[in-house]
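Visitor: I am attaching a structure below and will ask some questions about it afterwards.
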Amino acid sequence: MASHESTGHSVTVSDVLDEVVRVLTDARRYLEDAPDRIGEAMARADIDARMRYLEHVREGDAPDHDPELIAVHLATWLVEHADLPTPGLSLEAALAAASKRRSSDPLARDLLEFVRGYVAGEIDDEEFVRRERKPRGTGHPPPGFRPPPRPPGAIPVSAAETTLRAMLADAGLHDPPADPRAVWEVFKSFADKPVVGDLPSHVDSDDLLFHWHADGDDAGRLLVEATRQFTICDRDGDFDHLEQLTVAFTFESSPETAELEFGAVRAAESLEDWFADVEQSAGFSVLSRSRPVEAHIGQRVV
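Numbering (our numbering), first residue to last: 8 to 309.
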């Protein structure tokens with residue numbers, strides 16, 4: 008393994024590469040459960056990485072450029088950059104490239120150049136996104152690829168936030184809604200509605216996450232969030248981006264919130280199982296019993 012390299016930032020090149028390997032290793036494990044769903048595997052690995060980042064925030068030791076958040080984007084870029092006939096082969100090539108560090112493998116060289124430039128501050132965020140989206144392969148869809156069916160009446164991703172807000176309004180909940188328990192019931196109904204990509208893209212995976220952690224702006228407060236995350240692929244079946252629609256509530260410090268600090272409930276086998284797991288969690292106990300000081304609904308590309 009390469010030694011840490013000085014970068015002028017609190018995160019090093021090796022920190023980022025180590026985390027890329029971890030994200031790809033997690034994705035490989037998830038891909039074993041669903042060999043044809045690389046988007047879902049990457050999305051689940053993405054959630055794991057973001058949970059590690061939030062744990063660092065909770066502990067107060069998150070660096071200026073956190074390797075978990077950078078690595079999520081780099082891992083996905085690397086799999087797409089490999090562009091082999093199957094998702095599994097592309098993932099293995101990406102993992103090999105991230106592990107080699109110093110190699111004549113073009114994929115490993117491209118990754119190392121990318122990471123060094125970004126961590127050293129030579130690649131700004133705009134250039135990072137440009138390189139991340141630049142394809143290396145043919146751009147042709149993989150053999151046998153077929154976009155998933157589009158259920159009648161499904162909600163386009165671009166209308167997801169608008170739809171949720173309309174459902175809240177229909178339930179008599181004003182913006183921003185102050186009754187988190189009532190909002191949760193609407194979110195449950197929304198989570199059961201099919202969402203599709205805006206043509207020509209499609210939703211490759213649709214994931215749910217409920218988590219709570221100390222508010223970074225005020226460590227005495229607790230932030231509780233319910234998120235629906237969409238993995239968006241292009242017309243050829245290649246990963247394009249992630250979008251997250253989040254309902255967030257902030258609660259003032261109290262003996263109850265002080266004991267929680269951090270926790271998460273990831274998607275279960277079924278929606279009903281996930282709902283039950285969430286409603287039995289410590290974070291939900293605050294959401295259902297306390298009045299928030301702030302509420303926010305938003306959708307963003309991540």
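Ideal Cβ placement from N, Cα and C applies to all residues, glycine included.
1) So Val-30 and Ala-48 are in contact, right, with Cβ under 8 Å, and what is the actual spacing, rounded?
2) Could you pull the DSSP bridge partners for Trp-219 from this structure?
3) Once DSSP output is grouped into helix, strand and coil, what is the label at Gly-305?
4) With distances taken from CA atoms, which of Pro-207, Pro-163, Gly-128, Val-18 is nearest Leu-76?
5) Have a look at Pro-42 and Arg-35 and give me their C-alpha separation to the nearest angstrom.
6) Per DSSP, what kind of secondary structure is Ser-165 in: helix, strand or coil?
7) When the Cα atoms are used, what is the spatial distance from Leu-249 to Thr-238?
8) I'd like to confirm the pairing. Which residues does DSSP put opposite Ile-3 in its beta bridges?
9) Which two residues bound the contiguous alpha helix (DSSP H) that contains Lys-107?
10) Does any residue of chain C have a CB that is nearer than 7 Å to the CB of Leu-76?
11) Quick check: does the Cβ of Asp-241 come within less than 6 Å of any heavy atom belonging to the ligand HEM?
12) How long is the line joining the alpha carbons of His-209 and Pro-262, rounded to whole angstroms?
13) Would you grab the beta carbon distance between Ala-271 and Phe-217 for me? Rounded to a whole angstrom, and I think it's under 8 Å.
14) Are the beta-carbon atoms belonging to Arg-228 and Ser-260 less than 7 Å from one another?
15) If Trp-191 and Ala-233 are in contact, beta carbons under 8 Å, what's the gap, nearest whole angstrom?
16) Using DSSP with H/G/I as helix, E/B as strand and the rest coil, what is Val-254?
17) So is Thr-169 buried or exposed if we call it buried at 16+ other beta carbons inside 10 Å?
18) In angstroms, rounded to a whole number, what distance separates the CA positions of Val-309 and Gln-251?
19) Straight-line CA distance for Val-203 to Asp-241?
20) Per the DSSP calculation, Val-202 is bridged to which residue(s)?
21) Let's see if you can read the secondary structure: which residues bound the alpha helix (DSSP H) around Asp-33?
22) Buried or exposed for Ala-50, please, with buried defined as at least 16 other CB atoms from any protein chain shown within 10 angstroms of its CB.
23) Look at the Cβ atom of Glu-87, then the Cβ atom of Asp-245, and state whether they are nearer than 7 Å.
24) Just confirm the distance between the C-beta atoms of Ala-302 and Leu-267, as a whole number of angstroms; I'd bet it's less than 8 Å.
25) With DSSP run on the structure shown, which of helix, strand or coil describes Ala-178?
26) Out of Val-300, Phe-194, Thr-257, which has the shortest C-alpha to C-alpha gap to Glu-286?
27) Would you mind stating whether Val-254 and Ile-304 have Cβ atoms separated by less than 7 Å?
28) So which of Leu-24, Val-126, Val-20 has the shortest CA-CA distance to Ser-106?
29) Looking only at its chain, what residues have a beta carbon closer than 6 Å to the beta carbon of Ser-97, apart from the 5 residues adjacent to it on each side?
30) Quick check on Leu-91: does DSSP put it in helix, strand or coil?
31) Are Val-20 and Val-126 close, meaning C-beta to C-beta below 7 Å?
Guide: Per the coordinate set shown:
1) Here residue 30 corresponds to residue number 23 of the sequence shown, with the count starting at 1. Here residue 48 corresponds to residue number 41 of the sequence shown, with the count starting at 1. Actually they are not in contact, since the Cβ atoms of Val-30 and Ala-48 sit about 10 Å apart, beyond 8 Å.
2) Numbered from its first residue, the sequence shown carries residue 219 at position 212. According to DSSP, which records beta bridges pairwise, Trp-219 is partnered with Val-231, Gly-270.
3) Position 298 of the sequence shown, counted from the first residue, corresponds to residue 305. Residue state for Gly-305 is assigned as strand, using DSSP reduced to three classes.
4) Looking up residue 76 in the sequence shown gives position 69. Considering only alpha carbons, the answer is Val-18.
5) As a first step, residue 42 must be located in the sequence shown, where it is residue number 35. As a first step, residue 35 must be located in the sequence shown, where it is residue number 28. Roughly 9 Å separates the two Cα atoms.
6) Numbered from its first residue, the sequence shown carries residue 165 at position 158. Residue state, collapsed to three classes: helix.
7) Start at 1 with the first residue of the sequence shown, and residue 249 comes out as number 242. Start at 1 with the first residue of the sequence shown, and residue 238 comes out as number 231. As the crow flies, the alpha-carbon of Leu-249 is around 5 Å from that of Thr-238.
8) Not covered by the structure: residue 3. The range shown for the chain is 8 to 309.
9) Your numbering for residue 107 matches position 100 in the sequence shown. Lys-107 -> alpha helix (DSSP H) spans 94-107.
10) Protein chain content of the structure displayed is limited to a single chain, and chain C is not contained in it.
11) In terms of ligand content, the structure shown is empty, and the ligand HEM therefore cannot be addressed.
12) As a position in the sequence shown, residue 209 is number 202, starting the count at 1. As a position in the sequence shown, residue 262 is number 255, starting the count at 1. Answer to the nearest angstrom: the Cα atoms are 45 Å apart.
13) For the purposes of this step, residue 271 is taken as residue 264 along the sequence shown, with counting starting at 1. For the purposes of this step, residue 217 is taken as residue 210 along the sequence shown, with counting starting at 1. That pair is a contact at about 7 Å.
14) The residue you call residue 228 lines up with position 221 of the sequence shown. The residue you call residue 260 lines up with position 253 of the sequence shown. Against a cut-off of 7 Å, the Cβ pair of Ser-260 and Arg-228 comes out as a contact.
15) Here residue 191 refers to the residue found at position 184 when the sequence shown is read from its first residue. Here residue 233 refers to the residue found at position 226 when the sequence shown is read from its first residue. Between Ala-233 and Trp-191 the Cβ distance is about 7 Å, and since that is below 8 Å, they are a contact.
16) Position 247 of the sequence shown, counting from 1, holds the residue named residue 254. Of the three classes helix, strand and coil, the one that applies to Val-254 here is strand, per DSSP.
17) Residue numbering aside, residue 169 sits at position 162 when the sequence shown is read from its first letter. Residue environment for Thr-169: exposed (fewer than 16 other C-beta atoms within 10 angstroms of its C-beta).
18) Counting from one through the sequence shown, the residue named residue 309 turns up at place 302. Counting from one through the sequence shown, the residue named residue 251 turns up at place 244. Near 7 Å, if we compare the C-alpha coordinates of Gln-251 and Val-309.
19) Looking up residue 203 in the sequence shown gives position 196. Looking up residue 241 in the sequence shown gives position 234. Cα to Cα, the separation comes out at about 12 Å.
20) As a position in the sequence shown, residue 202 is number 195, starting the count at 1. DSSP lists Ile-162 as partners of Val-202.
21) Along the sequence shown, read from residue 1 onward, the residue named residue 33 stands at position 26. 20-40 is the extent of the alpha helix (DSSP H) around Asp-33.
22) Locating residue 50 in the sequence shown gives position 43, counting from the first residue. The residue is buried, with at least 16 neighbouring Cβ atoms inside 10 Å.
23) Working through the sequence shown from its first residue, we reach residue 87 at position 80. Working through the sequence shown from its first residue, we reach residue 245 at position 238. Closer than 7 Å, so yes.
24) Stepping through the sequence shown from its first residue, residue 302 is reached at position 295. Stepping through the sequence shown from its first residue, residue 267 is reached at position 260. With 8 Å as the limit, Ala-302 and Leu-267 do not qualify as a contact, their Cβ atoms being about 18 Å apart.
25) For the purposes of this step, residue 178 is taken as the residue at position 171 of the sequence shown. Ala-178: coil per DSSP, three-state reduction.
26) Residue 286 sits at position 279 when you count from the first residue of the sequence shown. Answer by Cα proximity: Phe-194.
27) For the purposes of this step, residue 254 is taken as the residue at position 247 of the sequence shown. For the purposes of this step, residue 304 is taken as the residue at position 297 of the sequence shown. Yes, Cβ-Cβ distance for Val-254 and Ile-304 is below 7 Å.
28) In the sequence shown, residue 106 corresponds to position 99, counting from 1. Looking at the Cα atoms, Leu-24 is the closest of the given residues.
29) Working through the sequence shown from its first residue, we reach residue 97 at position 90. Closer than 6 Å at Cβ, skipping near neighbours: Val-86, Ala-89, Leu-91.
30) Against the sequence shown, residue 91 aligns to sequence position 84. Leu-91: coil per DSSP, three-state reduction.
31) Here residue 20 refers to the residue found at position 13 when the sequence shown is read from its first residue. Here residue 126 refers to the residue found at position 119 when the sequence shown is read from its first residue. In this structure, Val-126 lies closer than 7 Å to Val-20 by Cβ.
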